[in-house]
Each structure stands twice: as structure tokens, then as C-alpha cells.
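In my numbering, the protein residues as written are 581 to 855.
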């Protein structure tokens, strides 16, 4: 079993699979884990496993999929962040099992997936993911997609993370000195819609404050704010690695009232034990 940090560094979005069905043991482990995907907002997320034999379950960017998983949540304040946190927690568990996955929010037959997930009034099902063993070679289409969104690149550390305010970049060297680098690097490596990486963090008084840098085009009635889902993913990555590093993260919503760059919104914070 790999560490969380090792899994974060090794993971990539997988769209081409070997087509082999998951074993009963794998399916049981995956289904059992859905009961352990709580989130800091205490909002329940419901998972549904679906067979590709259902002809309404299609996506033009996937091949050889042996299983799909969807997740839905009741509309509420912070539903998107809770959703991103819980679904990413599940997908990282699948990664540790040696399975590939990819967040799919747009390139699918949404009506078919919503119907198969028994989506009810007042609920949203923003995303789904295939699950399976990655093919030995990705398809030409997958390679072109990854190139198009620069999937292997990330915004520089000093443009994502700041100290005290948004005018003072936080360096990798400073983060390493207090044992915070791996937790922030896990955020930097997190997946996001079209690789926009909307998270920004400010370290201030032993707290890390998370902000969303908005990009137009990621909000709809059917999905909510996809970039808030990305923020939930980032919160999970940070919290999980901070725990592994002994930083005792404590989740809170406590806006410090900083002067913000344009199109930037406060999301949440973590208090830390930093020596």
C-alpha cells in the first residue's frame, strides 16, 4: 500500500482502460468505502455503481470502461465543496487499489447518467468517473486531450500559495522549513476542471485559508459551481496530507477579511499545529 502523498504524485486522469471487469472483491471494497467518505460540511454524498452495459451511459472520451461510479448530493450551502471532498476521497481510495479514474463533468450523456443514478428533485449529480485498470497505452484521443489542457503542468507554487496576504508569495523552501510543503504540494497536484487549478491559499497565524479564483463558464444549474467542487478536492488533499505529516488540521469557516484579488472568494480554513 502506498502513502497518500505517493498516490497523489503517481495519479493521472485515465480515459482508456483494459476492459477487464472488476472482481467481486474489488467491488465490495469500493462499495464499502463509500460509507467512509464523510466531509467537513457533514453533507451526505450518495454513490451509485453502474454497468457500461447500459447503452445510455456513454462518453465520447472514454474507452474500455468496465464500471462507472456517480455521486449525487442535495442542493445546499457548500454542497459543491462537500461533493468534491467526498468524491475525491473515494477516487483516491480507488487509486490506492491500483484502479484508474477521471473526473467527468461535461463529456457524457448527462441525462442517461442522471436517470441511472435515480436523481431526485433538489439533487445534483455534477460528475461521474469510470473505474478500471488503465490500458497499457492511452488512446490517441486521450493523448490529445491531455496535451490540450496541459494535464501534466501546474501553476507555480509561489502563484498559488501566499504568506500573510496576497502580496507575499510563499516559497517551497519556507514551506519545507515548517513541514508544510507536502500538504501544499498535494493541493498543487490536485485534479481540477480543465486543469484551471482555482485554489489559492494564504498562510497566516498558523492557519491556512483557502480561496477560489473564479473562471467564467464553470457554473450551471445541473452541476453547480464546478470550481467549488475543485475546491473540495483541494481541501481533501490538504487535510489528508497534513494529517499524515502530523500537523493536526482543524477545519473551520473563519474568513480573515483579507484584501482579495479580483474574482477571488474565501472558501474555508484549517488551523494547524506548527512548531
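For each residue, glycine too, the CB sits at the ideal point set by N, CA and C.
Distances from the alpha-carbon of residue 633 to those of 693, 604, 590, 685 put 693 closest.
When secondary structure is reduced to three states using DSSP, residue 815 falls in the helix class. Within the DSSP secondary-structure output, residue 676 pairs in no beta bridge. Under the 10 Å beta carbon count, residue 768 is surrounded by 16 or more other beta carbons and is classified as buried. Per DSSP, residue 849 lies in no alpha helix (DSSP H); the unbroken beta strand (DSSP E) holding it starts and ends at 844–851. For residue 783, there is no enclosing alpha helix (DSSP H); the enclosing beta strand (DSSP E) has its first and last residue at 779–784. The C-beta of residue 669 has 16 or more other C-beta atoms within 10 Å across all chains shown, which makes the residue buried. By the beta-carbon neighbour count (other beta carbons within 10 angstroms, threshold 16), residue 653 is buried. Contact annotation: residue 778 and residue 795 have beta-carbon atoms nearer than 8 angstroms. In the displayed model, residue 789 falls within a strand according to three-state DSSP. When Cβ pairs closer than 8 angstroms are counted between the two stretches, the region 738–753 is seen not to touch the region 619–630, the count staying below three. Inside the region 666–719, DSSP marks whole beta strand (DSSP E) runs of 3 or more residues at positions 708–711, from first to last along the chain. Two segments are said to touch when three or more pairs of C-beta atoms, one from each, lie closer than 8 angstroms; by this definition the region 789–805 does not touch the region 756–765. Residue burial annotation: residue 772 is buried, with at least 16 other C-beta atoms found within 10 angstroms of its C-beta. Contact between residue 788 and residue 831 does not hold, since their C-beta atoms are separated by about 11 angstroms, which reaches or exceeds 8 angstroms. In the same chain as residue 699, and ignoring 5 residues on each side of it, the C-beta atoms closer than 7 angstroms to its own belong to 652, 705, in chain order.
Check the Cα spacing between residue 667 and each of 809, 840, 822: the tightest is with 809. Taking all protein chains shown into account, residue 815 has 16 or more neighbouring C-beta atoms within 10 Å of its C-beta and is therefore buried.
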